[in-house]
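Same order as they appear, the protein sequences are chains A and B.
Under this note's numbering, the first residue of the first sequence carries the number 1, and numbering increases by one thereafter.
Under this note's numbering, the first residue of the second sequence carries the number 1001, and numbering increases by one thereafter.
Everything on this sheet refers to the single structure shown next.
There are 2 protein chains.
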Amino acid sequence: MDAVDRQLIQALRENGRASYAELGRLVGLSGPSVTDRINRLEAAGVITGYRATVDAASLGLGVTALIGLQLSDAADHEDVAQRLRDLAEIEDCWFIAGDDSYMLKVRASNVDGLERTVRRLSLTKGVARTRSTIVLSTKWENRVGELPEDAEA
Amino acid sequence: MDAVDRQLIQALRENGRASYAELGRLVGLSGPSVTDRINRLEAAGVITGYRATVDAASLGLGVTALIGLQLSDAADHEDVAQRLRDLAEIEDCWFIAGDDSYMLKVRASNVDGLERTVRRLSLTKGVARTRSTIVLSTKWENRVGELPEDAEA
DNA sequence: AATGAAAACTAATCAGC
DNA sequence: GCTGATTAGTTTTCATT
């Protein structure tokens, strides 16, 4: 992965629908070269996909919450992750160091929906305790930052 | 926003590079109709952008952390948010209910980079205290879930 | 709001370097 | 690994309904 690849990645992080021709003009390469490079980045698992970003409230998902999970002593972390995967309303799932073992970001239509999710989490095998924090406002999400100079993959 | 719009949004959340022609075949409309609808969704702020999703580790961002911020008594929330905006390594920023006022998701090259970020946060005017939690592993991030039937925008 | 047709542009493939 | 040429497909525009 060289500087041109990083430039392409950065451009696609900012505009995931940029055309290959456009990207080619940006980096000073032909369309096919850009296609080649991006195909390689996709195959290598550097670029993992393309998503439209959407205003959650407009979709009827007005409530966001962060939920920490404490596991029961016997619980297997991977088992729990597997069960969490079935809850579609969990948008992000991090296994973390500290008091709680998982932190989840969850979206629901309203607080009733959030309550249902928390109940289901509490009933999930291996989950001992949940700690929910309501998001009052999202200042930003998934912002694109600079890349370090010295990436090594 | 009707059922077709929701279908288009969902398709674009899953593949942000889907062509309008392809989307048209999916929903049973012509290319130009799809273009129209998507332009409207963008103009209305429902679709807010398109991003390539990238493997952070491949970019040299091997460390992810969640950082809670407690503010000093006098601090103005919006002022603090404004100052946080300058820290490019903050990918997500939520204003939350509870003990901490903000929760941040931060990416750094390594723990040294994280330390620098935490120091800068501690020195930020209005920030009284930080509470950092290292992410041991990301099970998933920005997963696309189902949409509620009854969206109203 | 949607359509079909035309023009402009883009993507994909491939031979050659 | 890049280029330029070719072909196929896509996007854009617009007159029409």
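Backbone N, C-alpha and C define an ideal beta-carbon position, used for all residues, glycine too.
Is it right to say residue i is buried, meaning 16 or more other beta carbons lie within 10 angstroms of its own, or is it exposed?
i	result
B/S1058	buried
A/D92	buried
B/L1123	exposed
A/A88	exposed
A/A78	It should be pointed out that residue 78 of chain A corresponds to Glu in this sequence rather than to Ala. When all chains shown are included, A/E78 counts as exposed.
B/R1119	exposed
A/E141	buried
A/R37	buried
A/V34	buried
A/R107	buried
A/A52	buried
A/V54	buried
B/V1111	exposed
In this structure, how does DSSP classify residue i when only helix, strand and coil are distinguished?
i	result
A/L66	strand
A/V4	helix
A/G24	helix
B/E1014	helix
B/A1153	In this predicted model, B/A1153 has a pLDDT of only 47, less than 50, meaning its place in the structure is not dependable; the value taken from the coordinates is given anyway. B/A1153 falls in the coil class under three-state DSSP.
For the alpha helix (DSSP H) holding residue i, just list the boundary residues, first then last.
i	result
B/R1037	1031-1043
Using a Cβ-Cβ cutoff of less than 8 Å, which residues in the same chain neighbour residue i once the five nearest sequence positions on both sides are dropped?
i	result
A/L147	R6, I9, Q10
A/V80	L69, L71, S101, Y102, T124, K125, G126, V127
A/S109	G60, L61, G62, V63
B/I1047	I1009, L1012, I1038, L1041
Along the beta strand (DSSP E) that carries residue i, what are the first and last residues, could you check?
i	result
B/A1057	Looking at the DSSP string, B/A1057 is not in any beta strand (DSSP E), and its letter there is neither H nor E.
Please go through the same chain and pick out, in chain order, the residues whose beta-carbon is closer than 6 Å to the beta-carbon of residue i, but skip the five residues on each side of it.
i	result
A/Y50	G16
A/V144	R13, E14
A/I134	A65
B/Q1070	D1100, A1128, R1129
B/R1131	G1068
A/L29	none
Any heavy atom of the ligand ZN closer than 7 Å to the CB of residue i?
i	result
B/A1074	Within the structure as shown, the ligand ZN is missing, as the structure has no ligands at all.
Leaving aside the five residues before and after residue i along the sequence, list all residues of the same chain whose C-beta is less than 7 Å from its C-beta, in chain order.
i	result
B/G1031	Y1020, A1021, G1024
A/A18	A11, L12
message: Runs of 4 residues minimum, wholly inside the region 1068-1148 of chain B: which ones carry the alpha helix (DSSP H) assignment?
response: 1077-1084, 1111-1123
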